[in-house]
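Start counting the sequence shown at 36; every next residue gets the next number (my numbering). Comments concern the structure below.
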Amino acid sequence: MITLVAIFAIWEAVALTGVVSSDQLPPLHSVLLTLVQLGGTPFFLARVSQSFVNVAAGVSLALVVVMPLALLVGLRNQLDEAITPIIMLVGALPDLAILTLLVTVIGRGNVAAVAISAFSAFFPIYFTIRQGVKEIPIDYFHVASVFKAGRLDTFSKIVLPSIFPNFLTGLRLSFEFSWNVLLAVEIIASVAGVGSFISNSIQGSAHSMTYGLAAIMTVGFLTILLDRAFFERLEQRIKRWR
(Lines of atoms letter the chains of each structure in order from A; the text may use other names.)
(Lines give C-alpha, C1' and ligand atoms only; values in the text may rest on other atoms or scores of the structure.)
Protein backbone atom coordinates (compact mmCIF):
# COMPACT_ATOMS: atom_id res chain seq x y z
CA MET A 36 0.00 0.00 0.00
CA ILE A 37 2.83 2.41 0.90
CA THR A 38 4.54 1.68 -2.42
CA LEU A 39 1.31 2.37 -4.31
CA VAL A 40 0.81 5.69 -2.51
CA ALA A 41 4.41 6.65 -3.31
CA ILE A 42 3.91 5.82 -7.01
CA PHE A 43 0.73 7.90 -7.11
CA ALA A 44 2.47 10.81 -5.36
CA ILE A 45 5.38 10.74 -7.82
CA TRP A 46 2.93 10.50 -10.72
CA GLU A 47 1.00 13.57 -9.55
CA ALA A 48 4.17 15.55 -8.86
CA VAL A 49 5.74 14.79 -12.25
CA ALA A 50 2.52 15.63 -14.09
CA LEU A 51 1.97 18.92 -12.25
CA THR A 52 5.55 20.14 -12.66
CA GLY A 53 5.22 19.85 -16.42
CA VAL A 54 8.32 17.67 -16.82
CA VAL A 55 6.16 15.44 -19.01
CA SER A 56 3.40 16.77 -21.25
CA SER A 57 -0.10 16.35 -19.83
CA ASP A 58 -1.09 14.74 -23.13
CA GLN A 59 1.41 11.96 -22.38
CA LEU A 60 0.99 11.80 -18.60
CA PRO A 61 -2.15 13.50 -17.26
CA PRO A 62 -2.29 14.33 -13.53
CA LEU A 63 -3.57 11.57 -11.27
CA HIS A 64 -6.45 13.71 -9.98
CA SER A 65 -7.69 14.20 -13.56
CA VAL A 66 -7.57 10.46 -14.18
CA LEU A 67 -9.50 9.75 -10.97
CA LEU A 68 -12.15 12.34 -11.83
CA THR A 69 -12.49 10.79 -15.28
CA LEU A 70 -12.79 7.34 -13.70
CA VAL A 71 -15.71 8.56 -11.58
CA GLN A 72 -17.27 10.13 -14.66
CA LEU A 73 -16.91 6.91 -16.65
CA GLY A 74 -18.50 4.99 -13.77
CA GLY A 75 -21.78 6.73 -14.56
CA THR A 76 -21.57 6.24 -18.32
CA PRO A 77 -23.74 3.37 -19.66
CA PHE A 78 -21.49 2.96 -22.70
CA PHE A 79 -18.38 2.37 -20.58
CA LEU A 80 -20.20 0.15 -18.08
CA ALA A 81 -21.42 -1.99 -20.98
CA ARG A 82 -17.82 -2.39 -22.15
CA VAL A 83 -16.66 -3.39 -18.67
CA SER A 84 -19.55 -5.84 -18.29
CA GLN A 85 -18.75 -7.46 -21.64
CA SER A 86 -15.11 -7.93 -20.66
CA PHE A 87 -16.08 -9.44 -17.31
CA VAL A 88 -18.56 -11.81 -18.96
CA ASN A 89 -15.90 -12.95 -21.43
CA VAL A 90 -13.38 -13.60 -18.66
CA ALA A 91 -15.93 -15.42 -16.48
CA ALA A 92 -17.08 -17.55 -19.43
CA GLY A 93 -13.49 -18.40 -20.35
CA VAL A 94 -12.53 -19.40 -16.81
CA SER A 95 -15.72 -21.47 -16.45
CA LEU A 96 -14.98 -23.27 -19.71
CA ALA A 97 -11.43 -23.97 -18.55
CA LEU A 98 -12.74 -25.38 -15.27
CA VAL A 99 -15.04 -27.82 -17.05
CA VAL A 100 -12.13 -29.15 -19.11
CA VAL A 101 -9.33 -28.95 -16.55
CA MET A 102 -10.94 -30.28 -13.37
CA PRO A 103 -11.40 -33.93 -14.44
CA LEU A 104 -8.08 -33.95 -16.31
CA ALA A 105 -6.08 -32.53 -13.39
CA LEU A 106 -7.73 -34.95 -10.95
CA LEU A 107 -6.92 -37.96 -13.13
CA VAL A 108 -3.35 -36.82 -13.71
CA GLY A 109 -2.84 -36.18 -10.01
CA LEU A 110 -4.05 -39.67 -9.11
CA ARG A 111 -2.30 -41.58 -11.93
CA ASN A 112 1.47 -41.16 -12.22
CA GLN A 113 1.70 -42.82 -15.63
CA LEU A 114 -0.92 -40.46 -17.02
CA ASP A 115 0.91 -37.55 -15.41
CA GLU A 116 4.20 -38.51 -17.08
CA ALA A 117 2.48 -38.74 -20.47
CA ILE A 118 0.33 -35.59 -20.39
CA THR A 119 2.02 -32.99 -18.17
CA PRO A 120 5.17 -32.52 -20.33
CA ILE A 121 2.95 -31.77 -23.34
CA ILE A 122 0.93 -29.24 -21.34
CA MET A 123 4.16 -27.64 -20.07
CA LEU A 124 5.41 -27.34 -23.64
CA VAL A 125 2.21 -25.67 -24.84
CA GLY A 126 2.18 -23.38 -21.81
CA ALA A 127 5.73 -22.24 -22.56
CA LEU A 128 4.76 -20.94 -26.01
CA PRO A 129 4.62 -17.12 -26.35
CA ASP A 130 1.18 -15.75 -25.48
CA LEU A 131 1.18 -13.39 -28.45
CA ALA A 132 1.80 -16.24 -30.89
CA ILE A 133 -1.02 -18.33 -29.41
CA LEU A 134 -3.30 -15.30 -29.33
CA THR A 135 -2.70 -14.55 -33.01
CA LEU A 136 -3.18 -18.21 -33.96
CA LEU A 137 -6.48 -18.53 -32.10
CA VAL A 138 -7.83 -15.31 -33.60
CA THR A 139 -6.88 -16.58 -37.06
CA VAL A 140 -8.56 -19.97 -36.49
CA ILE A 141 -11.63 -18.87 -34.50
CA GLY A 142 -12.14 -15.41 -35.92
CA ARG A 143 -12.79 -12.09 -34.23
CA GLY A 144 -15.40 -11.20 -31.65
CA ASN A 145 -16.54 -12.49 -28.27
CA VAL A 146 -16.00 -16.15 -29.17
CA ALA A 147 -12.29 -15.48 -29.66
CA ALA A 148 -12.15 -13.57 -26.36
CA VAL A 149 -13.78 -16.44 -24.44
CA ALA A 150 -11.55 -19.05 -26.11
CA ILE A 151 -8.35 -17.17 -25.32
CA SER A 152 -9.50 -16.48 -21.75
CA ALA A 153 -10.10 -20.22 -21.35
CA PHE A 154 -6.65 -20.98 -22.77
CA SER A 155 -5.02 -18.55 -20.32
CA ALA A 156 -6.97 -19.97 -17.38
CA PHE A 157 -6.19 -23.59 -18.27
CA PHE A 158 -2.61 -23.71 -17.02
CA PRO A 159 -2.84 -22.20 -13.49
CA ILE A 160 -5.92 -24.31 -12.75
CA TYR A 161 -4.33 -27.49 -14.12
CA PHE A 162 -1.05 -27.24 -12.23
CA THR A 163 -2.50 -26.11 -8.89
CA ILE A 164 -5.17 -28.83 -8.80
CA ARG A 165 -2.71 -31.48 -9.98
CA GLN A 166 -0.30 -30.48 -7.22
CA GLY A 167 -3.09 -30.47 -4.65
CA VAL A 168 -4.07 -34.05 -5.50
CA LYS A 169 -0.46 -35.22 -5.33
CA GLU A 170 -0.05 -33.68 -1.87
CA ILE A 171 -2.89 -35.77 -0.38
CA PRO A 172 -1.29 -38.30 2.03
CA ILE A 173 -1.61 -41.84 0.71
CA ASP A 174 -2.78 -42.93 4.17
CA TYR A 175 -6.06 -41.11 3.58
CA PHE A 176 -6.85 -43.40 0.68
CA HIS A 177 -5.82 -46.47 2.69
CA VAL A 178 -8.25 -45.50 5.46
CA ALA A 179 -11.01 -44.95 2.90
CA SER A 180 -10.29 -48.40 1.47
CA VAL A 181 -10.43 -50.01 4.91
CA PHE A 182 -13.83 -48.47 5.57
CA LYS A 183 -14.93 -49.45 2.04
CA ALA A 184 -15.75 -45.88 1.07
CA GLY A 185 -17.10 -45.49 -2.45
CA ARG A 186 -15.56 -43.24 -5.07
CA LEU A 187 -18.09 -40.49 -4.43
CA ASP A 188 -17.43 -40.52 -0.67
CA THR A 189 -13.68 -40.59 -1.25
CA PHE A 190 -13.91 -37.63 -3.59
CA SER A 191 -16.29 -35.53 -1.47
CA LYS A 192 -14.69 -36.26 1.93
CA ILE A 193 -11.00 -36.65 1.09
CA VAL A 194 -10.04 -35.29 -2.32
CA LEU A 195 -12.27 -32.21 -2.52
CA PRO A 196 -11.47 -30.76 0.94
CA SER A 197 -7.76 -31.44 0.41
CA ILE A 198 -7.47 -29.72 -2.96
CA PHE A 199 -9.73 -26.74 -2.26
CA PRO A 200 -6.90 -24.36 -1.22
CA ASN A 201 -5.04 -25.26 -4.42
CA PHE A 202 -8.24 -24.91 -6.43
CA LEU A 203 -8.83 -21.44 -5.03
CA THR A 204 -5.25 -20.41 -5.81
CA GLY A 205 -5.64 -21.66 -9.37
CA LEU A 206 -8.93 -19.83 -9.77
CA ARG A 207 -7.40 -16.59 -8.51
CA LEU A 208 -4.44 -16.86 -10.86
CA SER A 209 -6.65 -17.80 -13.79
CA PHE A 210 -8.75 -14.65 -13.40
CA GLU A 211 -5.61 -12.50 -13.19
CA PHE A 212 -4.01 -14.12 -16.25
CA SER A 213 -7.24 -13.94 -18.24
CA TRP A 214 -7.77 -10.26 -17.47
CA ASN A 215 -4.23 -9.45 -18.61
CA VAL A 216 -4.55 -11.38 -21.86
CA LEU A 217 -8.10 -10.19 -22.54
CA LEU A 218 -7.06 -6.56 -22.91
CA ALA A 219 -4.75 -7.53 -25.78
CA VAL A 220 -7.37 -9.86 -27.25
CA GLU A 221 -10.00 -7.12 -27.33
CA ILE A 222 -7.66 -4.88 -29.29
CA ILE A 223 -6.60 -7.55 -31.80
CA ALA A 224 -9.92 -9.40 -32.12
CA SER A 225 -12.15 -6.30 -32.31
CA VAL A 226 -14.11 -7.13 -29.16
CA ALA A 227 -16.25 -4.35 -27.69
CA GLY A 228 -14.69 -4.43 -24.23
CA VAL A 229 -12.36 -2.46 -21.97
CA GLY A 230 -9.30 -3.28 -24.09
CA SER A 231 -10.72 -1.78 -27.26
CA PHE A 232 -11.96 1.23 -25.25
CA ILE A 233 -8.42 1.81 -23.95
CA SER A 234 -6.94 1.45 -27.44
CA ASN A 235 -9.46 3.82 -29.02
CA SER A 236 -9.02 6.35 -26.21
CA ILE A 237 -5.22 6.45 -26.43
CA GLN A 238 -5.36 6.85 -30.20
CA GLY A 239 -8.01 9.56 -29.95
CA SER A 240 -7.83 13.34 -29.62
CA ALA A 241 -7.11 15.64 -26.68
CA HIS A 242 -7.36 14.19 -23.16
CA SER A 243 -7.50 10.70 -24.69
CA MET A 244 -4.70 9.42 -22.45
CA THR A 245 -6.75 10.46 -19.42
CA TYR A 246 -9.62 8.22 -20.49
CA GLY A 247 -7.25 5.38 -21.35
CA LEU A 248 -5.53 5.48 -17.95
CA ALA A 249 -8.90 5.74 -16.19
CA ALA A 250 -10.04 2.59 -17.98
CA ILE A 251 -6.81 0.80 -17.04
CA MET A 252 -7.30 1.77 -13.39
CA THR A 253 -10.87 0.48 -13.59
CA VAL A 254 -9.54 -2.95 -14.55
CA GLY A 255 -7.07 -2.81 -11.66
CA PHE A 256 -9.75 -1.83 -9.15
CA LEU A 257 -12.11 -4.55 -10.40
CA THR A 258 -9.38 -7.17 -10.06
CA ILE A 259 -8.64 -6.09 -6.49
CA LEU A 260 -12.35 -5.94 -5.64
CA LEU A 261 -12.92 -9.44 -7.00
CA ASP A 262 -9.96 -10.76 -5.04
CA ARG A 263 -10.94 -9.14 -1.74
CA ALA A 264 -14.73 -9.40 -1.91
CA PHE A 265 -15.00 -12.90 -3.39
CA PHE A 266 -11.83 -14.97 -3.14
CA GLU A 267 -10.80 -13.92 0.38
CA ARG A 268 -14.30 -14.51 1.76
CA LEU A 269 -14.49 -17.87 0.03
CA GLU A 270 -11.10 -18.78 1.44
CA GLN A 271 -12.26 -17.99 4.98
CA ARG A 272 -15.36 -20.15 4.55
CA ILE A 273 -13.26 -23.02 3.24
CA LYS A 274 -10.96 -22.80 6.25
CA ARG A 275 -13.97 -23.10 8.57
CA TRP A 276 -15.36 -26.00 6.48
CA ARG A 277 -12.07 -27.93 6.61
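Every residue, glycine too, gets a C-beta built ideally from N, C-alpha and C.
Judged by DSSP in its simplified three-state form, Val71 adopts helix. Around the beta carbon of Leu70, 16 or more other beta carbons sit within 10 angstroms, so the residue counts as buried.
The residue from Gly93, Ala48 and Phe210 with its alpha-carbon nearest to that of Asn145 is Gly93. In the three-state reduction of the DSSP assignment, Ile233 falls in the helix class, which pools H, G and I.
With respect to the 9 Å criterion, Ile222 and Ile251 are not classified as neighbours on the basis of their beta carbons. With contacts defined by Cβ atoms closer than 9 Å, Gly205 and Phe266 do not form a contacting pair.
The C-beta distance from Pro62 to Leu51 rounds to 6 Å, short enough to meet the 8 Å contact threshold. By the neighbour-count criterion, in which 16 or more other beta carbons inside 10 Å mark a residue as buried, Ser191 falls on the exposed side. Arg82 places its beta carbon less than 9 Å from that of Gly228. In the structure shown, the three-state DSSP call for Arg143 is coil. For Leu134 against Val216, the beta-carbon gap comes to about 7 Å, under 8 Å, which counts as contact. Under the three-state reduction of DSSP, Arg111 is assigned to coil, being neither helix nor strand. Per DSSP, Phe212 is one residue of the alpha helix (DSSP H) stretching across Leu195 to Ile223. By the Cβ-count criterion, Gln85 is buried, with 16 or more other Cβ atoms from all chains shown falling within 10 Å of its own Cβ. Sixteen is the threshold: when 16 or more other Cβ atoms of the shown chains lie within 10 Å of the Cβ of Arg165, as they do, the residue is buried. Under the DSSP assignment, Val55 falls outside any alpha helix (DSSP H); it carries neither an H nor an E label. Annotation for Phe256: the continuous alpha helix (DSSP H) segment containing it runs Ser243 to Leu261.
Here the alpha carbons of Val55 and Ser231 stand approximately 25 Å from one another. The beta carbon of Ser65 lies closer than 6 Å to those of Thr245 in the same chain, with the five residues before and after it left out. For Phe78, the number of other beta carbons within 10 angstroms of its own is below 16, and it is reported as exposed.
Taken through DSSP and simplified to helix, strand or coil, Phe182 comes out as coil.
Between the region 148 to 159 and the region 116 to 135, the count of C-beta pairs closer than 8 Å reaches three or more; the two stretches touch. Spatial neighbours of Asp115 in its own chain (CB-CB distance under 6 Å, excluding positions within 5 residues in sequence) are listed in chain order as Val108. If the five residues before and after Glu270 are omitted, its C-beta is found closer than 7 Å to the C-beta atoms of Leu203, all from its own chain and listed in chain order. Distances from the alpha-carbon of Ala148 to those of Thr258, Val49, Gln238 and Phe212 put Phe212 closest.
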